[in-house]
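Residue numbers (our numbering), protein chains in the order written: chain A, 847 to 1130; chain B, 876 to 1247; chain C, 1283 to 1599; chain D, 19 to 345.
Glycine is no exception: its CB is placed at the ideal position from the N, C-alpha and C atoms.
Remember, predicted model here, so these are calculated numbers, not experimental data.
See below:
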């Protein structure tokens, strides 16, 4: 489905994070959103996912006005996301992290599931079958029964994407999927995202790793201080002076852009690792 | 019934047997909560009576033992303990419970196993079930609350009264009686307020009472609440005559409120003055000797209740069984430490006595003897 | 009526000041460990008893009523004694549970509370002990209300202590360490702060203040008893929550707010409703206000209220 | 995870074992001294309560310190609807559902305003709610008799048989508890149970995968309260006397203690926890007034030794079911 933003605006107090932004994300292609820190990339995702309230403007999924809906309703409309620093259900097993995604679909059957003899087990098996398939697709099946928090950082990232895909998304928004991944992992990630792309799926990627962005994306949107700076194909973006200025303040070589991006990626990795540390299940 | 018989048989055998087992009396009261003082000193009183009986050779050669248990004033635990005592054949009588809220459910259990139960709970409802094994050798709330009302109306010619109670079964019980009797007698109740039993700051209510300026103030509740209430009442300059129920019959009342504040306060109690009656004087001395502390508000009752059971055991003759003790209690007729003891069909005291004492200096002086 | 109102206000401020002092202990501990320290109420109770025996000792030594200096010395001694008790309890009953489920230390604290209460009951006294008045019993008439010297002292002393604490936490290095730890223990650790020192310090100051509150309380009502802690403690904790737990001015405000709620709930409700709602509805009134405050201002008066946006709903125990 | 349906023999064995145990218990326990039976009844009642509270605290991660309120509502429903209080005498079975229902409704009503609250703020609001309910029971004298309590409550009748001895109540409670635990377990592993777990772990992310947290939470509050209500009705039937003293804040704490000491979120743990926290104080009876002191020490020691509960989470019902050979 197509995701359209119309004069979308977000204020945090005085700060204007997104400024009357109008954009269209088309299905069947991977659209990357790039821009320096504070350009409003994550804010954009958070608004589309309903995590942030919209200050003004509209978010249209085909002709549904998402900004009117609650977060869980948006998700039920097939708008799935991952988070900048991973937000898995740490205390649940890997497979349960996917299983729970069937909640919107199966919630209505809870009563029957609990009270009809035998049904509980059958439904469980069906769910598990589906989740195992999904896990297998991401090569996580061996870890099915481990705690999500105990996975390696790379696998946690994958699991989060797997969880998003469990919602059968029409729009899949990935917030820095490559941050903190090593080279091999990035490569696998790229292939995986390519596989996932369906003609009816709108995939939006916020990413700092330029090499990844340039090789992965079909279309790139450059944000700067909450406004659209430029959009076009990777090639067009690479040759655009304005973009380089936005990043480095002065015209520079793309390598420098890459350099800057890699440096940040490392920072992110550190922060993210700390994040994992913080989120070990320190609970029963 | 059948249980009772089997027990009777068993006890018969033990009584006949040469090796004499102890005769156990169970008691349950609050020993580890805010009311621990009451429960503990109450049970000390029983202990004293039992020690004396043993010194005098026990019951036909058998030694008496008091099994002291803690119910924390909690009905749930009260019933559990009741069951524990019922199951233990060596327990032939109980003095339980202290709180009406515990006695009401526990009496169901005791009744099932025909356990002679002597209670210290004064709530009228306690005897409502009409259990034949339940006895109450103390005046109930009707008396406790009624006498002061009568006194206030007739002797003090009081017209208005402010009533405060601590929202507990006992406090509210006596307060309601005082209210109804006071109003029946033509008096006017200016305010009837409840406070929390755990309160120590009554200034809010007292400040309210001050604006009503009543002739008398009645407080239905236990220590230390009474003492603090009285203290704060006087500190806020209210001179009205003050009445409280028997939990306040303690030197602590005077120490808590301060002699100046406590002076003239009226307290109802079910025994004649300690110095009025040699038994009581002796009791007080013995108690101090045994536990090196002043008797608690219910120590005398505890002593009396144990004495009544021992008396009934003597009547039971060779077979000290639950059944015989119940019989014995039924036709109890002896002059207890706190006056004549005789039970009516409901197990209530036939001639409950109540005395009104007035705080004078560091002690209580009898103000108003009364026996119906 | 003015006399009535002033009287109620004075009463409210006095008990409020005591609540506030105790609330500080809860709030500081919570601020750092996010632990509801059920044992704190017993620190207050123990404090009262320690004070009682020190005063009694002093009286037996000097004979007459204790002098200002002696009383002050007793305050300090009690503060230190109970403070050390608090530190000991933290080291034995809470520290081993750091990192475990947050419910574990809370319930361990509950166990400690039971122990302390029963120890005092069994080995000190079941009887309410008459607490000697260490204040001259002087009273003034303010708009037809009776205000005792004791009340004035309690309020001023409590406020002084709280201001002092505020200064300590904001101005001294130790205090700043405490704040750092309460802001974010992990970051503090990364910054090389040994978190145990500030935490121990908190478990020294908190109980110390609680103990002083115990003495003030005992002196005001003229009584100490082993069971006096639980309810007062619960109310003080509620005061801390009302004010916004973790905030020192919050605890102060919450204490006074609760004091006012209670006295006016107990004294004014019956008047306004002409007895339809009796004084026995005081606590219901107080609790209802608490519930409403939390529902409409989930972080209390002073607590930093997190917006839907900043909120990361990770499991919290 | 990958469990295949158990073999026929395995299932037969499981059924046989369970049947044998249940039969054995129902035959043996009533043979015990009545005091023990009463204690066991209490344990079972607390298992019901704990299983209820566990749904909110253990599954959905919402700390509730006022659970006793629902217990009280259940108990007072039977006390008022089956006694001389208003001379209403409804049958026990009916009141069981009325009481459970009322408690459930109260649970939802409490849930609505506190939806936004988390952690300790939720804990305190629920604490306040619990106290408010108790104080109302103490103050609404016209309805509840206030501190005097409601006495002479009808003897419960079930299927024409009077329940008056602890033995009778054991025969009622055992199957009831088994059913409750089974349903709780099926709920735990149902999609709703998973949803609760997700809310517990990360409420925002849970919304992000389309979970309507409002509904899920209200269900948690409602269902747990209902169990509490059932327990209350049975308690009232067993005691045949109800007063506010039995529903103090301390009771709420006891139930929290049970689920934490047993092992938060683990039904097996809950049963153990209930047994420990009810039986230990009974064992300490002989120490009369030193009892609570020892109890406090026991609590601290247990928590220090096993901060995550006596029963490790891997020994959960699933493990039990596997051991039995059901699957």
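Which of helix, strand or coil does DSSP assign to residue 992(B)?
Along the second chain, read from residue 1 onward, the residue named residue 992(B) stands at position 117. Residue 992(B) carries a strand assignment under DSSP once its states are collapsed to helix, strand and coil.
Contact between the stretch 183 to 195 of chain D and the stretch 62 to 71 of chain D (3+ Cβ pairs under 8 angstroms):
These segments touch.
Quick one: grab the DSSP three-state call for residue 967(A).
What you label residue 967(A) is simply residue 121 of the first chain in a count that begins at 1. Residue state, collapsed to three classes: helix.
Going along the stretch 200 to 213 of chain D in order, which residues come within less than 8 angstroms of chain A, judged by CB to CB distance?
In summary, the residues of the stretch 200 to 213 of chain D whose CB is separated from some CB of chain A by less than 8 angstroms are 201, 204, 205, 207, 208, 209, 210, 212 and 213, in the order they occur in the chain.
Would you mind working out which of 38(D), 43(D), 320(D) and 83(D) sits nearest residue 243(D), comparing C-alpha positions?
Stepping through the fourth chain from its first residue, residue 243(D) is reached at position 225. When C-alpha distances from residue 243(D) are compared across 38(D), 43(D), 320(D) and 83(D), the shortest belongs to 83(D).
From residue 41(D) to residue 1572(C), what distance separates their C-alpha atoms?
Here residue 41(D) is taken as the residue at index 23 of the fourth chain, counted from 1. Here residue 1572(C) is taken as the residue at index 290 of the third chain, counted from 1. Their backbone Cα atoms lie some 50 angstroms apart in a straight line.
Rounded to the nearest angstrom, what separates residue 1576(C) and residue 996(B) at their Cα positions?
For the purposes of this step, residue 1576(C) is identified with residue 294 of the third chain, where counting begins at 1. For the purposes of this step, residue 996(B) is identified with residue 121 of the second chain, where counting begins at 1. Approximately 42 angstroms, taken between the alpha carbons.
The stretch 102 to 110 of chain D touching the stretch 257 to 277 of chain D, judged by at least three CB pairs closer than 8 angstroms:
Between the stretch 102 to 110 of chain D and the stretch 257 to 277 of chain D there are fewer than three C-beta pairs closer than 8 angstroms, too few to call the two in contact.
If contact is defined by three or more beta carbon pairs under 8 angstroms, each pair taking one atom from either stretch, is the stretch 1369 to 1385 of chain C in contact with the stretch 297 to 317 of chain D?
The stretch 297 to 317 of chain D and the stretch 1369 to 1385 of chain C do not touch, with fewer than 3 CB-CB distances between them shorter than 8 angstroms.
Would you mind telling me which residues of chain D sit closer than 8 angstroms to residue 979(B), beta carbon to beta carbon, in chain order?
Position 104 of the second chain, counted from the start, is the residue given in the question as residue 979(B). Chain D residues near residue 979(B): 167, 169 and 259.
Could you check whether the stretch 1201 to 1215 of chain B touches the stretch 938 to 957 of chain B, counting it as contact only if at least three pairs of C-beta atoms, one from each stretch, sit closer than 8 angstroms?
The count of Cβ pairs closer than 8 angstroms, one atom from the stretch 1201 to 1215 of chain B and one from the stretch 938 to 957 of chain B, stays below three, leaving the stretches out of contact.
So, is the C-beta of residue 912(B) closer than 8 angstroms to a C-beta in chain C?
One-based indexing of the second chain puts residue 912(B) at position 37. The C-beta of residue 912(B) comes closer than 8 angstroms to at least one C-beta of chain C.
Between residue 1045(A) and residue 872(A), what straight-line distance do the alpha-carbon atoms span, to the nearest angstrom?
Here residue 1045(A) is taken as the residue at index 199 of the first chain, counted from 1. Here residue 872(A) is taken as the residue at index 26 of the first chain, counted from 1. Approximately 10 angstroms between the Cα atoms of the pair.
Cβ neighbours of residue 1295(C) in the same chain (closer than 6 angstroms, five flanking residues each side left out)
Position 13 of the third chain, counted from the start, is the residue given in the question as residue 1295(C). Cβ neighbours of residue 1295(C) beyond the five flanking positions: 1437.
Against chain D, with Cβ distances strictly below 8 angstroms, would residue 1098(A) count as a contact?
Counting from 1 along the first chain, the entry for residue 1098(A) is found at position 252. Because the pLDDT of residue 1098(A) is 48, which lies under 50, any placement of that residue in the model is unreliable, and the number read from its coordinates should be weighed accordingly. No, residue 1098(A) lies away from the interface with chain D (no Cβ there is under 8 angstroms from its Cβ).
Under 6 angstroms Cβ to Cβ from residue 883(A), same chain only, skipping five residues before and after it: list those, please.
By one-based count along the first chain, residue 883(A) stands at place 37. Taken in chain order, the list of residues that qualify is empty.
For residue 938(A), which residues in chain D fall below 8 angstroms Cβ to Cβ?
Start at 1 with the first residue of the first chain, and residue 938(A) comes out as number 92. Near residue 938(A) (Cβ distances below 8 angstroms), the residues of chain D are 212, 215, 216 and 219.
Give me the subset of the stretch 1559 to 1573 of chain C whose CB atoms are less than 7 angstroms from a CB atom of chain D, sorted by chain position.
Within the stretch 1559 to 1573 of chain C, the qualifying residues are 1562, 1563, 1565, 1566, 1569, 1570, 1572 and 1573.
Tell whether a beta-carbon distance below 8 angstroms holds between residue 907(A) and residue 925(A).
Counting from 1 along the first chain, the entry for residue 907(A) is found at position 61. Counting from 1 along the first chain, the entry for residue 925(A) is found at position 79. Yes.
Taking any Cβ of chain C, which residues in the stretch 137 to 162 of chain D have a Cβ under 8 angstroms from it, in chain order?
So the close ones are 137, 138, 139, 141, 142, 143, 146, 147, 149, 150, 153, 154, 156 and 157.
Figure out for me which residue from 333(D), 298(D) and 155(D) has the closest Cα to the Cα of residue 282(D).
The residue you call residue 282(D) lines up with position 264 of the fourth chain. The shortest C-alpha separation from residue 282(D) is found at 333(D).
Please report the straight-line C-alpha distance between residue 1013(A) and residue 948(A), rounded to a whole angstrom.
Numbered from its first residue, the first chain carries residue 1013(A) at position 167. Numbered from its first residue, the first chain carries residue 948(A) at position 102. Distance between the alpha carbons of residue 1013(A) and residue 948(A): 7 angstroms.
Is the shortest distance between the beta-carbon of residue 1163(B) and the beta-carbons of chain C less than 8 angstroms?
Residue 1163(B) sits at position 288 when you count from the first residue of the second chain. So no, residue 1163(B) is outside the interface.
Can you confirm whether the stretch 996 to 1005 of chain B touches the stretch 1072 to 1079 of chain B when touching is taken to mean that 3 or more C-beta pairs between the two stretches lie within less than 8 angstroms?
Here the stretch 1072 to 1079 of chain B makes no contact with the stretch 996 to 1005 of chain B; the two share fewer than three CB pairs at distances below 8 angstroms.
In the stretch 1134 to 1183 of chain B, which residue ranges form an unbroken alpha helix (DSSP H) of at least 4 residues, counting only runs that do not cross its ends?
Whole alpha helix (DSSP H) segments, 4+ residues: 1134 to 1137 and 1153 to 1166.
By the 10 Å Cβ neighbour count, where 16 or more other Cβ atoms means buried, how is residue 951(B) classified, buried or exposed?
Residue mapping note: residue 951(B) aligns to position 76 of the second chain, counting from 1. Residue environment: residue 951(B) is assigned as buried (16 or more neighbouring CB atoms within 10 Å of its CB, all protein chains considered).
Tell me where the alpha helix (DSSP H) around residue 1026(B) begins and ends.
Translated into the one-based positions of the second chain, residue 1026(B) becomes position 151. Here the alpha helix (DSSP H) through residue 1026(B) covers 1016 to 1029.
What residues of chain D sit near residue 1014(A), judged by a beta carbon separation below 7 angstroms?
Counting from 1 along the first chain, the entry for residue 1014(A) is found at position 168. The contact set of residue 1014(A) on chain D, defined by CB atoms closer than 7 angstroms, is empty, because the minimum CB distance reaches about 11 angstroms.
Burial state of residue 1028(A) (16 or more Cβ within 10 Å)
Residue numbering aside, residue 1028(A) sits at position 182 when the first chain is read from its first letter. Residue 1028(A) counts as exposed, since fewer than 16 other beta carbons sit within 10 angstroms of its beta carbon.
Quick check on residue 905(A): does DSSP put it in helix, strand or coil?
Numbered from 1 along the first chain, position 59 holds the residue referred to as residue 905(A). The three-state reading of DSSP puts residue 905(A) in strand, counting E and B together.
Let me check understanding here. Comparing Cα to Cα, which of 1394(C), 1409(C) and 1360(C) lies closest to residue 1373(C)?
For the purposes of this step, residue 1373(C) is identified with residue 91 of the third chain, where counting begins at 1. Considering only alpha carbons, the answer is 1394(C).
Neighbourhood of residue 1098(A) by C-beta, 7 angstroms cutoff - its chain only, sequence neighbours within 5 removed:
Against the first chain, residue 1098(A) aligns to sequence position 252. In this predicted model, residue 1098(A) has a pLDDT of only 48, less than 50, meaning its place in the structure is not dependable enough to derive any value.
Which residues in the same chain as residue 940(B) place their Cβ atom closer than 8 angstroms to its Cβ, once the five residues preceding and following it in sequence are excluded?
Reading the second chain from its first residue, position 65 is the one you call residue 940(B). If the five residues before and after residue 940(B) are omitted, its C-beta is found closer than 8 angstroms to the C-beta atoms of 897, 898, 899, 900 and 925, all from its own chain and listed in chain order.
Taking DSSP as the reference, what is the three-state secondary structure of residue 340(D)?
Sequence index remark: in the fourth chain, residue 340(D) carries index 322 (1-based). DSSP places residue 340(D) in the helix class (H, G or I) of the three-state scheme.
Residue 899(B) - containing beta strand (DSSP E), residue span:
Sequence index remark: in the second chain, residue 899(B) carries index 24 (1-based). Unbroken beta strand (DSSP E) run through residue 899(B): 898 to 904.
Would you verify that the beta carbon of residue 53(D) is, or is not, closer than 8 angstroms to some beta carbon of chain B?
To locate residue 53(D), count along the fourth chain from 1; it is residue 35. Yes, contact with chain B.
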